[in-house]
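The opening position of the sequence shown corresponds to residue 1 in UniProt numbering, with each subsequent residue numbered one higher.
The beta carbon of each residue, even a glycine, is placed where N, CA and C say it ideally should be.
Okay, so here's the structure we're looking at.
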Amino acid sequence: MSGYVGILVSDACLQNQFTQVELRSLKSHFTSMRRESGKLTLGDLASRMSRLKAVGENLSDQETTDFIAALYPNFNDEVDFESFLKVHLKLHAHASSRTGNPAKNSSAFLKAATTTLLHTISESEKASYVAHINNYLAQDGFLNKYLPIDPSSNDLFEIVKDGVLLCKLINVAVPGTIDERAINTKRLLNPWERNENHTLCLNSAKAIGCTVVNIGTQDFIEGRRHLVLGLISQIIKIQLLADLNLKKTPQLVELVDDSKDVEELMSLPPEKILLRWMNYQLKKSSYKKIVTNFSTDVKDAEAYAHLLNVLAPEHSNPSTLAVKDPLQRAKLVLDLADRMGCKRYLTAKDIVDGSPNLNLAFVAHIFQHRNGLSTQTKQISFLETLPDDAQVSREERVFRFWINSLGNSTYIDNVFEDLRNGWILLETLDKVSPGIVNWKVANKPPIKLPFKKVENCNQVVKIGKQLKFSLVNIAGNDIVQGNKKLILAYLWQLMRFNILQLLKNLRSHSHGKEITDVDILRWANTKVSNSGSQSRMDSFKLK
1 MSGYVGILVS
11 DACLQNQFTQ
21 VELRSLKSHF
31 TSMRRESGKL
41 TLGDLASRMS
51 RLKAVGENLS
61 DQETTDFIAA
71 LYPNFNDEVD
81 FESFLKVHLK
91 LHAHASSRTG
101 NPAKNSSAFL
111 KAATTTLLHT
121 ISESEKASYV
131 AHINNYLAQD
141 GFLNKYLPID
151 PSSNDLFEIV
161 KDGVLLCKLI
171 NVAVPGTIDE
181 RAINTKRLLN
191 PWERNENHTL
201 CLNSAKAIGC
211 TVVNIGTQDF
221 IEGRRHLVLG
231 LISQIIKIQL
241 LADLNLKKTP
251 QLVELVDDSK
261 DVEELMSLPP
271 EKILLRWMNY
281 QLKKSSYKKI
291 VTNFSTDVKD
301 AEAYAHLLNV
311 LAPEHSNPST
321 LAVKDPLQRA
331 KLVLDLADRM
341 GCKRYLTAKD
351 IVDGSPNLNL
361 AFVAHIFQHR
371 NGLSTQTKQI
381 SFLETLPDDA
391 QVSREERVFR
401 FWINSLGNST
411 YIDNVFEDLR
421 NGWILLETLD
431 KVSPGIVNWK
441 VANKPPIKLP
451 FKKVENCNQV
461 VKIGKQLKFS
471 LVNIAGNDIV
481 QGNKKLILAY
491 LWQLMRFNIL
501 QLLKNLRSHS
511 HGKEITDVDI
521 LRWANTKVSN
531 SGSQSRMDSF
541 KLK
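Okay, here's the thing in structure tokens:
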């Protein structure tokens, strides 16, 4: 693609070991280390490599130093970026050989450059996702000329190349994520406009909880089918699981007995809540097994037969449980689901094959259509403590999207709950200011002891003071206790610091000219004007 090159390494074999996302992250770390003393030697590298999260968690400072010393006897030699990458790869390989497993928290980039990988896709999944897209985007004014997409063709991978369909699909999954005025929707897009769409798509996908670590804009341009389909799968999954929380479906409190269990339920990911709901309904039938996954545990279709009989007794068919052949039973299950209006996302063969993605989509669709929970919500006092203030909710949503867009190890659903152990905040600080976190004293989840959480949060506050944040009367324990006002105050300053860093980088690319509010407003107004809107913003103080 013209106009976008990325970070290039002269050694092609070394280049192939990393994605562009990984190269950008490592380049940032390398630049930060070299800036400290003007140059970076092997001696400096031995002491500073442990700051990298993936290295520091697997090797001690002394182990790192000894390993580098064994490879490079002259510690005074200066290190360039390519040498830095080679040392980094060797440290990962060393950690893996010692533990017998890949290094903790490392990306899977210890790959053989000479290996050719053949990525395959599931035609059944592709057909299911195409049907979903045809259904939910059929009325879109821009895309209707491309829809419906033929599921038996590869048209999907051609249509996504301009980025518009994926942006629209994200807005279907989580409405309001993308301001559609920011999407370039001309008939013919130049490379820069396509790149803008793809960047907008990737950043928004990360914000709503998709894992996009090894996906770049070039993958969309080249139509890499396994990566495109993987991203679409995640977006659809997020849409289907959107109601699996107490805010959207308060009736879920039926699954627990007291407020302590409600707190545990709130901390579960949506897939686990869906499994708990399924098992809750199955207890009402004669089915005695516990379903623990959406693959092997449901491939005989027996659990589905019992579940649908509980949810829709008026459509129940005794012969569904009487048949011995799993494929025939799966067909009867889908006939029953069709009568309920829930026959989507999979075929009888997909059930028997144990396709986890399609089975999860099927069960989530059943939950959306008929969850079998009481319309009378239990009165549990704990629910009254859920945040309902509109302003707090808006701010929480903005900070949550921003944190998720940084690509941390864990997706967060609520900043007041999910940041209380301090780990995600430390990861965010490391993204914003590489190398600033001392991972040696950080406590990795799961953290059961409260004082370990306080230690993490104390380091969060200490780093905030290093970055000149105003943290009067804020202590680590305030974060552990979930103090909304103080957490929002910290996040506002952290996000502001990140934006200021971005503006400094823009300044370095604009011949030293400082980027001001006027420049940002001019750019924003131009984008809005180009979309055909007459709206205009003259100040950031406008409400």
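Worksheet item: Are the Cβ atoms of L360 and L274 separated by less than 9 Å?
Response: For the purposes of this step, residue 360 is identified with residue 360 of the sequence shown, where counting begins at 1. For the purposes of this step, residue 274 is identified with residue 274 of the sequence shown, where counting begins at 1. In this structure, L274 lies closer than 9 Å to L360 by Cβ.
Fill in: Three-state class that DSSP yields for E78 in the structure shown
Taking the first residue of the sequence shown as 1, we reach residue 78 at position 78. E78: strand per DSSP, three-state reduction.
Discussion item. I'd like the span of the alpha helix (DSSP H) that includes K39, first residue to last.
Written reply: The count along the sequence shown starts at 1 and reaches residue 39 at position 39. Per DSSP, K39 belongs to no alpha helix (DSSP H) and is neither H nor E.
Discussion item. For F367 and Y345, which I take to be in contact (beta-carbon distance under 8 Å), what is that distance rounded to the nearest angstrom?
Written reply: Taking the sequence shown and counting its residues from 1, the one referred to as residue 367 is at position 367. Taking the sequence shown and counting its residues from 1, the one referred to as residue 345 is at position 345. No, F367 and Y345 are not in contact; Cβ-Cβ is about 12 Å, not under 8 Å.
Discussion item. Measuring straight from C-alpha to C-alpha, what distance separates T428 and K343?
Written reply: To locate residue 428, count along the sequence shown from 1; it is residue 428. To locate residue 343, count along the sequence shown from 1; it is residue 343. In a straight line, the C-alpha of T428 is about 42 Å away from that of K343.
Worksheet item: For S32, which residues of its own chain have a beta-carbon under 7 Å away from its beta-carbon, when the five flanking residues on both sides are left out?
Response: Here the question's residue 32 lines up with position 32 in the sequence shown. These residues qualify, in order along the chain: P434, G435.
Worksheet item: Does the separation of the CB atoms of A131 and P151 fall below 9 Å?
Response: Taking the sequence shown and counting its residues from 1, one reaches residue 131 at position 131. Taking the sequence shown and counting its residues from 1, one reaches residue 151 at position 151. In this structure, P151 lies closer than 9 Å to A131 by Cβ.
Item to complete: Give every residue of the same chain whose Cβ lies closer than 6 Å to the Cβ of Y146, excluding the five residues on either side of it in the sequence, and list them in chain order.
Response: By 1-based counting over the sequence shown, the position of residue 146 is 146. Cβ within range, chain order: I159.
Item to complete: Check whether the region 332-339 touches the region 210-219, taking contact to mean three or more Cβ pairs, one atom from each stretch, closer than 8 Å.
Response: Too few Cβ pairs lie closer than 8 Å, so no.
Worksheet item: What distance in whole Å lies between the Cβ atoms of I7 and Y129, which are believed to be in contact at a cut-off of 8 Å?
Response: Here the question's residue 129 lines up with position 129 in the sequence shown. Here the question's residue 7 lines up with position 7 in the sequence shown. So it is not a contact: roughly 32 Å between Cβ atoms.
Worksheet item: Helix or strand or just coil, what does DSSP make of A301?
Response: Counting from one through the sequence shown, the residue named residue 301 turns up at place 301. Looking at A301 - three-state DSSP - the assignment turns out to be coil, as it is neither helix nor strand.
Worksheet entry | Cβ distance (whole Å) where L321 is taken to contact A303 below 8 Å | Position 321 of the sequence shown, counted from the start, is the residue given in the question as residue 321. Position 303 of the sequence shown, counted from the start, is the residue given in the question as residue 303. Actually they are not in contact, since the Cβ atoms of L321 and A303 sit about 11 Å apart, beyond 8 Å.
Worksheet item: Considering only the beta carbon of each residue, do F84 and L143 sit closer than 9 Å?
Response: If you number the sequence shown from 1, residue 84 lands on position 84. If you number the sequence shown from 1, residue 143 lands on position 143. Contact flag unset, no.
Practice prompt. Give, in chain order, every unbroken run of the alpha helix (DSSP H) that is at least 4 residues long and sits entirely within the UniProt domain "Calponin-homology (CH)" (268-371).
Written response: Counting whole runs of 4 or more residues, the UniProt domain "Calponin-homology (CH)" (268-371) contains the alpha helix (DSSP H) stretches 270-282, 302-311, 319-322, 326-340, 348-353, 356-369.
Worksheet entry | Proximity winner among K484, L406, I351, relative to R394 (alpha-carbon distances) | The residue labelled residue 394 in the question sits at position 394 within the sequence shown. Selected option, being the one with the closest Cα: K484.
Worksheet item: Just to confirm, are E125 and N357 a CB contact at a threshold of 9 Å?
Response: Reading the sequence shown from its first residue, position 125 is the one you call residue 125. Reading the sequence shown from its first residue, position 357 is the one you call residue 357. Yes, Cβ-Cβ distance for E125 and N357 is below 9 Å.
Discussion item. Whole angstroms are fine: how far does the CA of I235 sit from the CA of L327?
Written reply: Sequence index remark: in the sequence shown, residue 327 carries index 327 (1-based). Sequence index remark: in the sequence shown, residue 235 carries index 235 (1-based). Whole-angstrom Cα-Cα distance: 29 Å.
Discussion item. Assuming A173 is part of the alpha helix (DSSP H), what are its boundary residues?
Written reply: In the sequence shown, residue 173 corresponds to position 173, counting from 1. Counting along the chain, the alpha helix (DSSP H) containing A173 begins and ends at 164-173.
Practice prompt. Please classify S25: is it buried, with 16 or more other beta-carbons within 10 angstroms of its beta-carbon, or exposed?
Written response: Position 25 of the sequence shown, counted from the first residue, corresponds to residue 25. So S25 ends up on the buried side.
Worksheet item: DSSP on K464, reduced to helix/strand/coil?
Response: The count along the sequence shown starts at 1 and reaches residue 464 at position 464. Sequence check: residue 464 is Gly here, not Lys. Helix.
Discussion item. Just to confirm the assignment, what range does the alpha helix (DSSP H) spanning E193 have?
Written reply: For this step, residue 193 is matched to residue 193 along the sequence shown. For E193, the enclosing alpha helix (DSSP H) covers residues 191-208.
Worksheet entry | Reference N371; option with closest CA among D44, T249, L521, G163 | The residue given as residue 371 occupies position 371 in the sequence shown. For the residues D44, T249, L521, G163, the minimum Cα distance to N371 belongs to T249.
Practice prompt. Using three-state DSSP, classify residue 620 as helix, strand or coil.
Written response: Past the edges of the chain, shown from 1 to 543, lies residue 620, and the structure says nothing about it.
Worksheet item: CB-CB under 6 Å to R536, same chain, minus the five flanking residues each way: which ones, in chain order?
Response: Within the sequence shown, residue 536 is the residue found at index 536, counting from 1. Closer than 6 Å at the Cβ level, and outside the excluded window around R536, lie N525.
Practice prompt. Answer with buried or exposed for S355, where buried requires no fewer than 16 other C-beta atoms within 10 angstroms of its C-beta.
Written response: As a position in the sequence shown, residue 355 is number 355, starting the count at 1. Classification of S355: buried, given that the 10 Å Cβ count is 16 or more.
Worksheet item: Can you tell me whether DSSP reads N408 as helix, strand or coil?
Response: Mapped onto the sequence shown, residue 408 falls at position 408. Reduced to three states, the DSSP call for N408 is coil.
Discussion item. Check this for me: beta carbons of R329 and D300, under 9 Å apart or not?
Written reply: By one-based count along the sequence shown, residue 329 stands at place 329. By one-based count along the sequence shown, residue 300 stands at place 300. Contact: yes.
Practice prompt. Answer with buried or exposed for V472, where buried requires no fewer than 16 other C-beta atoms within 10 angstroms of its C-beta.
Written response: On the sequence shown, residue 472 is found 472 positions in, with the first residue counted as 1. By the neighbour-count rule (16 or more Cβ atoms within 10 Å), V472 is not buried but exposed.
Worksheet entry | Classification of T296 by the beta-carbon crowding that lies within 10 angstroms, buried from 16 upward | For the purposes of this step, residue 296 is identified with residue 296 of the sequence shown, where counting begins at 1. Classification of T296: exposed, given that the 10 Å Cβ count is below 16.
Worksheet entry | Exposure label - N65; buried when at least 16 CB within 10 Å | Along the sequence shown, one-based indexing puts residue 65 at 65. For the record, residue 65 in the displayed sequence is Thr; it is not Asn. Flag for T65 reads buried.
Worksheet entry | Straight-line Cα distance separating N76 from V528 | As a working note, residue 528 is residue 528 in the sequence shown. As a working note, residue 76 is residue 76 in the sequence shown. Using only the alpha carbons, I get a separation of about 54 Å.
Discussion item. Helix, strand or coil for residue 586? Go by DSSP, reduced to three states.
Written reply: As shown, the chain starts at 1 and ends at 543. That puts residue 586 outside it, with no answer to give.
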